[in-house]
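Numbering (the working numbering), first residue to last: 497 to 1042. Encoded as structure tokens, the structure appears first; notes follow it.
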């Protein structure tokens, strides 16, 4: 559907003047001078004077047909798709029909003789001067009852780099009009400029295939996601129904047995229950419509086997945010719920960020308020942003570095430096558990926070409080006196970062707090890499370089 199939009316004097003034603004003086009437105009003058001279020359013309045809020809040559290219596009398809914008007011029922149909629509209609005519027709097509109808919008006013930007803007407009469902993504946007230089059918087909591939990948995956969404909703309702009838603690004890004893919160248990229900939903969808799903997957995998060009990874910002949350648990969840200390907890001490690495059995506080080991490791790490993949930098190939990709879209990475590790006093880090904002401090004048629900941690609070009460006003018991521990040969024990005390039994470490937590599978991976670094073979390091 393109206005090139329509009879082009002659331009009136206002249209002609508008085009000529635009060419003046664009410094296209040579183009204007091609028309004999304007040969005598001095184009070295200021633009307002040039425009006035053009207007005067136009008013002297007794017949505008010549200048009208001249301008229409230039527009077709420079801005739009030539008729022969449009014909080549039509010839790609086995069967096609041509319509002008002005004749596209017929009912869509006239097209129901085929279940699959592709519409190629010009966005702008220059005859009616409607710059969104094709979008209006697109809306009508996609709101029809035919799921297999597809559309490609094309335009001379969009360049190749902005095709996806335009498509997303149109989609957002549909969404704002509350027209959205998964069918409304069943279109693509294409620049006419891509077709102008094409001189063979194979290349032309590849351009169309590229657009149809992007459409089919979106709509096929959305169809699958729609089925899954409905099933997830049903399964989530079943979880809610069960919770409405059962005591959550009885449920935990009967089904999971030790979730809470290991320090998990009720929120984490809910998350686990919903995750399990979502997995059940996926299996249910496969059971109910397995053949259809397999067919859809077959389509997707044929598409996925092709080379896919990614113009900008930042287009996937929502999924990037989800991916980042896959790495870490937020400070709000761990600090507000007073989550027990565990390997993977991150701390900011002054201006340095650290990750705590320990084995779970060493960190776990037993029911008597004690733990097996009071020492862990803090590994400094930094978030580095750049414009390239730093993981291939030879510097970071050294075994004392570990690089984890945070987001591929902006080349951001966490860089862990194992050779700067510090032995840390876990008793001091425990203080962060008792504070809702994660600060390494605790006012033992107050009672143990209500959110501390594990008996071991309640007793731990009382043990630390008792030791502080027995110490003098300025003295801090040895268990809490220092954060970092360093055993250097010949110097005895050197300790750093002294803990401060005031107001009787309130202790704190300035500028130190628990920030967030790496999820266990990532924390365990970092720990395994750290242990490999610590257990490297003797003389594996070339000490002449350090």
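Glycine included, each C-beta is placed from N, C-alpha and C at the ideal position.
Residue 652 sits in coil when the DSSP states are folded into three classes, being neither helix nor strand. Among the bridge pairs identified by DSSP, residue 851 is matched with 842, 875. When DSSP states are grouped into helix, strand and coil, residue 860 belongs to the coil group. Going by C-alpha positions, residue 521 is about 7 Å away from residue 543.
Taking one beta carbon from each stretch, the segment 891-900 and the segment 908-917 have 3 or more pairs nearer than 8 Å; the two touch.
Within the same chain, Cβ atoms closer than 6 Å to the Cβ of residue 845 are found at 1008, the five residues on either side in sequence being excluded. Annotation: the continuous alpha helix (DSSP H) that includes residue 720 extends over 697-741. Counting the other CB atoms within 10 Å of its CB gives residue 815 a total below 16, which places it among the exposed residues.
In the three-state DSSP reduction, residue 615 falls in the strand class (E or B). In the structure shown, the three-state DSSP call for residue 588 is coil.
DSSP places residue 790 within a helical segment (H, G or I) once states are collapsed to three. Annotation: residue 858 to residue 827 spans about 23 Å, alpha carbon to alpha carbon. Note on geometry: alpha-carbon atoms of residue 651 and residue 813 lie some 27 Å from one another. For residue 533 against residue 563, the beta-carbon gap comes to about 7 Å, under 8 Å, which counts as contact. No Cβ-Cβ contact shorter than 8 Å links residue 864 with residue 934. By the criterion of a C-beta distance shorter than 8 Å, residue 923 is surrounded in its chain by 870, 960, 975, 976, once the five residues flanking it on both sides are discounted.
When 653, 833, 700, 835 are compared, the shortest CA-CA separation from residue 627 is found for 653. Of all C-beta pairs linking the segment 700-710 to the segment 726-735, fewer than three are shorter than 8 Å, placing the two stretches out of contact. For the pair residue 740 and residue 769, the Cα-to-Cα distance works out to about 14 Å. For residue 921, the three-state secondary structure derived from DSSP is strand. Around the CB of residue 548, fewer than 16 other CB atoms lie within 10 Å, so the residue is classed as exposed.
With respect to residue 919, residue 981 sits close: the two C-beta atoms are nearer than 8 Å. Per DSSP, reduced to three states, the secondary structure at residue 957 is helical. Rounded to the nearest whole angstrom, the CA to CA distance from residue 862 to residue 1023 is 22 Å. A direct Cα-to-Cα measurement between residue 719 and residue 785 gives close to 12 Å. Per the DSSP secondary-structure output, residue 913 pairs in a beta bridge with 897. In the DSSP assignment, residue 827 falls within the unbroken alpha helix (DSSP H) covering 827-832. Only buried fits residue 937, as 16 or more other CB atoms lie within 10 angstroms of its CB.
Looking at the DSSP output, residue 1004 bridges to 937, 996.
The shortest CA-to-CA distance from residue 560 to any of 531, 535, 585, 917 is the one to 531.
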